[in-house]
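If you read the sequence shown in the working numbering, its first letter stands for residue 4, the second for the next number, and so on.
The C-beta atom is built at its ideal place from N, Cα and C for all residues, glycine as well.
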Amino acid sequence: MIKFPAFSMRSSIFARLVLTYLIVVFPIILLGVYLYQWSYQNASDDITRATVKQLEYYLDGLNREVEWMELQLFDTVEDAGLNKLSATWSLMDGAEQRTRLNEVLHRLTSFQNSSPYMKDIYVHIRPINKTVSAASGVQPLDEVRFHTFNTRSGTNESRLLLWNNGLHLSAAKQSGKKGDEPVFIVQIELDSDKLGKSLHQINIYPDSGSLLILEENGYSIRSHPESDASILQFVQEASATNDNEFQMKMNGKSYHMNKVYSESLGLSVAAYLPEETVKRPLSKFYNWGLLFALTSLLAVVAFSYSSYRFIHRPLLSLVQGFKRMEGGALDVPIEHGRKDEFGYLYTRYNQMLARLQSLIDQDFKQKMMMQRAELKQLQSQINPHFLYNSFFILNSLAKTGDVDRIEAFTGMLGEYFRFITRNGEDHVPLSEEIKHSRMYTEIQKLRFSRRIRVQFDELPAGMERIRVPRLIVQPIIENAYEHSLEKMTEEGLLRVTFDRTENEASITIEDNGDGIADSDIEALKERLNQTANSYEMTGIINIHRRLALTFGEGSGLVLSRSGLNGLKVVIRIRLEEEKNDV
């Protein structure tokens, strides 16, 4: 059982640290933060309540104004003179037509002058193909406006309609026949400029602003159009929440924002003001804040010096010791003069170094021998089923009496089997591994020359002498033939490419076969990521394990769907000085 040495409170680093922090820093910080937050919250709440009341009052007034416009709008639709004009236009002479049109124009002008928010009012009359405007007089029928507001009349959209970057109200006089166009449409265009100016009554604080937002599509009218665009974007994002009070930053300044929504209008009105306005009532605390800042600075200096002397410097020595240990230096102990926690920690660290040195001496050679044996065992599991197919090819060539091809084929077979049966070396230069793989594809061309095409790039300079485990490329090519390309009756393609970076070499083998599903690829990837605890590994899992054992973390196989539609296998080889035998 490990016994810890007894420490007095006087020599304990923890006690010194806690005592220094509590006595010097904590009460000052706690008091200052509390006073500031309390004052700020009160000021913020007062401003929020006043702002919300103003926003609600503004929306109520705007709603009453819109209701009055709608009342006059529907009264105009039912106007007897306008209806008579539409129905009997063709029966009137020219003088009576002009008289009736002037009466309609006079009514629209009176209607327009009755509201400060009304920019213009139109009546689009289909039977006479004319548009009467309070501002523009009698004009030919505005087909665009007629069709626009005819389409939107009777829909479930909000009372206020957005068109041509403006807000509108409209009502139609129907003909009474299903499917026919309306007899006429009355349209009111609201004055966006005057609505924007009306928002200034909300801006009672310096540098404050306000926005009127149509929630259905985000259209806005702003009191300061030149500076409110980014604030509008913030409100649109925040409108997805149920909160109507926000904090935001724009151009390096913080703002406080409130928003009120009118369900009947489908409009929201938002007001914002700088945080400095909210904090202005706290100016009387300036001197106290300065004193608080100076006191905190002194506390930080005292705390930093104490931390450096009693914690940072001893920890730095310990970290440097661990770095030396990571580099293999296990014979450099750490000395410490005080009898505190670090003194005990250093003693245990020095004992750990001695113990590690002993264990490494005992275990290193045994571990290396086990790893080498595992590599040998994994290499021996490669399945040489290619031998069976080779005999069938040789038999076919013998039947045809093609002596030249038999000679070439048997020569290639000899080179092939000489390579795979050579047991003297665990690793070979990559150039020999690629030469063997290329030999394998040449043999397969004798079988599939009419069905399968091979694109085999040249090995780039600088990769030839990288030493790799034997048989890491050819089995993957063999797998592509066996499970994908052999099933194709025509236009098969096998591609082998190379890539080299400063820290990694890669070999890519891909095909255009359709014999493997995405689920099979995912299953293979999961098996590659599993720890190999048995001796049942074969195929690409065998190769992946050997590469990982030889080159370390980051090396191995990466599987994915090829752009050619088949399986894509990338052999990754992490390069270090000890892995690059030149």
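- [ ] Assign Thr413 to one of two classes, buried (16 or more other C-beta atoms within 10 Å of its C-beta) or exposed (fewer than that).
- [x] One-based indexing of the sequence shown puts residue 413 at position 410. By the 10 Å Cβ count, Thr413 comes out exposed.
TODO: Return helix, strand or coil for Tyr37, following the three-state DSSP convention.
DONE: Residue 37 sits at position 34 when you count from the first residue of the sequence shown. Three-state result, Tyr37: helix.
Task: Span of the beta strand (DSSP E), counted from its first residue to its last, around Tyr125 - done: Counting from one through the sequence shown, the residue named residue 125 turns up at place 122. Segment Met121 to Ile128, the beta strand (DSSP E) holding Tyr125.
- [ ] Let me know if Gln447 comes out buried or exposed under the rule of 16 or more other beta-carbons within 10 Å of its beta-carbon.
- [x] Position 444 of the sequence shown holds residue 447. Buried, because 16 or more other Cβ atoms sit within 10 Å of the Cβ of Gln447.
Open item on the list: By the DSSP assignment, the beta strand (DSSP E) with Gln177 in it spans what residues?
Closed with: Position 174 of the sequence shown, counted from the first residue, corresponds to residue 177. Where Gln177 is concerned, there is no enclosing beta strand (DSSP E), because DSSP gives it neither an H nor an E.
Open item on the list: Does Leu474 come out as helix, strand or coil in the three-state DSSP assignment?
Closed with: Start at 1 with the first residue of the sequence shown, and residue 474 comes out as number 471. Coil at Leu474, not helix or strand.
- [ ] Could you check what DSSP says for Pro277 in three-state terms: helix, strand or coil?
- [x] Here residue 277 refers to the residue found at position 274 when the sequence shown is read from its first residue. Of the three classes helix, strand and coil, the one that applies to Pro277 here is strand, per DSSP.
Task: Asp460 burial status per 10 Å Cβ neighbour count (16 or more: buried) - done: Position 457 of the sequence shown, counting from 1, holds the residue named residue 460. Its Cβ having fewer than 16 others within 10 Å, Asp460 is exposed.
- [ ] Would you be able to state if there are at least three C-beta pairs under 8 Å between the segment 418 to 432 and the segment 511 to 520?
- [x] no
Open item on the list: Helix, strand or coil, according to DSSP, for Glu329 in the structure here?
Closed with: Residue mapping note: residue 329 aligns to position 326 of the sequence shown, counting from 1. Three-state DSSP puts Glu329 in a helix.
Task: Proximity to Gly221 [Cα-Cα], best of Asn167, Ser271 and Phe114 - done: Here the question's residue 221 lines up with position 218 in the sequence shown. Here the closest residue by C-alpha is Ser271.
Task: Helix, strand or coil at Thr491 according to DSSP, with G and I counted as helix - done: Position 488 of the sequence shown holds residue 491. Sequence check: residue 491 is Met here, not Thr. It is coil, neither helix nor strand.
TODO: With DSSP as the reference, please indicate the residues paired to Phe600 in a beta bridge.
DONE: The structure shown has nothing for residue 600, since the chain only spans 4 to 585.
Task: Stretch-stretch touch, CB-based, cutoff 8 Å, three pairs: the segment 440 to 457 with the segment 480 to 492 - done: yes
Task: Residues bridged to Thr511 (per DSSP) - done: For the purposes of this step, residue 511 is identified with residue 508 of the sequence shown, where counting begins at 1. DSSP output for Thr511 lists Thr500 and Val573 as bridge partner(s).
TODO: Check whether the Cβ atoms of Val431 and Arg468 lie closer than 8 Å to each other.
DONE: Locating residue 431 in the sequence shown gives position 428, counting from the first residue. Locating residue 468 in the sequence shown gives position 465, counting from the first residue. Not closer than 8 Å, so no.
Open item on the list: Please give the ranges of any beta strand (DSSP E) in the segment 185 to 230, keeping only runs that are unbroken, at least 3 residues long and fully inside the region.
Closed with: 187 to 193, 212 to 217 and 222 to 225, all fully within the segment 185 to 230.
TODO: Return the CA-CA distance between Ile124 and Lys176, expressed in angstroms with no decimal places.
DONE: Numbered from 1 along the sequence shown, position 121 holds the residue referred to as residue 124. Numbered from 1 along the sequence shown, position 173 holds the residue referred to as residue 176. C-alpha separation (whole angstroms): 15 Å.
Task: Per-residue burial, Met355 [other beta carbons within 10 Å of its own, 16 or more giving buried] - done: In the sequence shown, the residue the question calls residue 355 occupies position 352. That one is exposed.
Task: Rounded straight-line distance, which links the Cα of Ile475 to that of Leu394 - done: Taking the first residue of the sequence shown as 1, we reach residue 394 at position 391. Taking the first residue of the sequence shown as 1, we reach residue 475 at position 472. In the sequence as displayed, the identity of residue 394 is Phe instead of Leu. Approximately 23 Å between the Cα atoms of the pair.
- [ ] Rounded to whole angstroms, what's the CA-CA distance from Glu539 to Val561? Just pull it up for me.
- [x] As a working mapping, residue 539 is identified with position 536 in the sequence shown. As a working mapping, residue 561 is identified with position 558 in the sequence shown. Unreliable placement is indicated for Glu539, whose pLDDT of 46 sits below 50; the coordinate value is still reported in the next sentence. Glu539 and Val561: Cα-Cα distance of roughly 20 Å.
- [ ] Could you pull the start and end residues of the alpha helix (DSSP H) that Tyr419 belongs to?
- [x] Position 416 of the sequence shown holds residue 419. Unbroken alpha helix (DSSP H) run through Tyr419: Val406 to Ile423.
TODO: Give the range of the beta strand (DSSP E) segment to which Met260 is assigned.
DONE: Residue 260 sits at position 257 when you count from the first residue of the sequence shown. Here the beta strand (DSSP E) through Met260 covers Lys256 to Ser265.
Open item on the list: With a threshold of 8 Å, are at least 3 pairs of Cβ atoms found where one atom belongs to the segment 68 to 87 and the other to the segment 186 to 205?
Closed with: yes
Task: Beta carbon of Leu198 nearer than 8 Å to that of Leu215 - done: Indexing the sequence shown from 1 puts residue 198 at position 195. Indexing the sequence shown from 1 puts residue 215 at position 212. The answer is yes: Cβ separation under 8 Å.
Task: Phe451, enclosing alpha helix (DSSP H) - first and last residue - done: Taking the sequence shown and counting its residues from 1, the one referred to as residue 451 is at position 448. Residues Leu433 to Phe451.
- [ ] Please work out which residues of its chain come closer than 7 Å, Cβ to Cβ, to Leu381, disregarding the five sequence neighbours upstream and downstream, and give them in chain order.
- [x] Walking along the sequence shown from the start, residue 381 turns up at place 378. Confidence at Leu381 is low in this model, with a pLDDT of 48, below 50, so its placement is unreliable and no value can be given for it.
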